[in-house]
Amino acid sequence: MDMSKIEQATQCLKALSNPVRLAILCVLKDGEQSVQALELAVGTSQSNMSTHLGNMRDKGVLVARREGTQVFYRVKDERMFQLLQLLQDIYCPDYEVKES
Numbered sequence: 720m721d722m723s724k725i726e727q728a729t730q731c732l733k734a735l736s737n738p739v740r741l742a743i744l745c746v747l748k749d750g751e752q753s754v755q756a757l758e759l760a761v762g763t764s765q766s767n768m769s770t771h772l773g774n775m776r777d778k779g780v781l782v783a784r785r786e787g788t789q790v791f792y793r794v795k796d797e798r799m800f801q802l803l804q805l806l807q808d809i810y811c812p813d814y815e816v817k818e819s
């Protein structure tokens, strides 16, 4: 049993265990986003967003890059979206994602 893999899984599940963090991941499914874009999409304050983004970055779920004064986030491992899809299939089976 590889305890480092179990720890990775635990950190991933912790990242999903909050509605704001789950919403952030859903928004990032469309690709990298600025902090400001995430705030607008999720509908939360800058300080709350910063707290959650920092938490997810520290858990190794997100990576950030700076461009001038803006910070952009993306999901570190694209396999995270497979887990999100599974959750959607279980909890929202009738929900259809609209293509943009």
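Residues in the sequence shown are numbered from 720 upward in steps of one, following the numbering used here. C-beta atoms are modelled at their ideal positions from N, C-alpha and C, and glycine is treated no differently. Treat the numbers as computed from the prediction; the structure is a model and nothing was measured.
Helix, strand or coil at residue i according to DSSP, with G and I counted as helix
i, result
"Ser736", "coil"
"Val754", "helix"
"Val746", "helix"
"Gln807", "helix"
Environment of residue i [buried if 16+ CB atoms lie within 10 Å]
i, result
"Ala728", "exposed"
"Leu732", "exposed"
"Ile809", "exposed"
"Leu805", "exposed"
For residue j and residue i, the rounded distance between their alpha carbons
i, j, result
"Asp749", "Ala756", "12 Å"
"Gln789", "Val754", "7 Å"
"Met720", "Glu726", "11 Å"
"Arg784", "Leu735", "22 Å"
"Phe800", "Ser766", "26 Å"
"Lys778", "Leu741", "14 Å"
"Thr770", "Asp813", "32 Å"
"Leu802", "Gly787", "33 Å"
"Asn737", "Lys724", "22 Å"
Host beta strand (DSSP E) of residue i (start-end)
i, result
"Arg785", "781-786"
"Arg776", "Careful: Arg776 lies outside any beta strand (DSSP E), inside the alpha helix (DSSP H) at 765-777."
"Arg798", "Counting along the chain, Arg798 falls outside any beta strand (DSSP E), and DSSP gives it neither H nor E."
Own chain partners of residue i with C-beta closer than 8 Å, once the 5 adjacent residues on each side are dropped
i, result
"Glu818", "The predicted position of Glu818 is uncertain, since its pLDDT is 49 and thus under 50; no value can be drawn from it."
"Arg776", "Val782, Ala783, Tyr792"
Own chain partners of residue i with C-beta closer than 7 Å, once the 5 adjacent residues on each side are dropped
i, result
"Val746", "Gln752, Leu757, Ala760, Val761"
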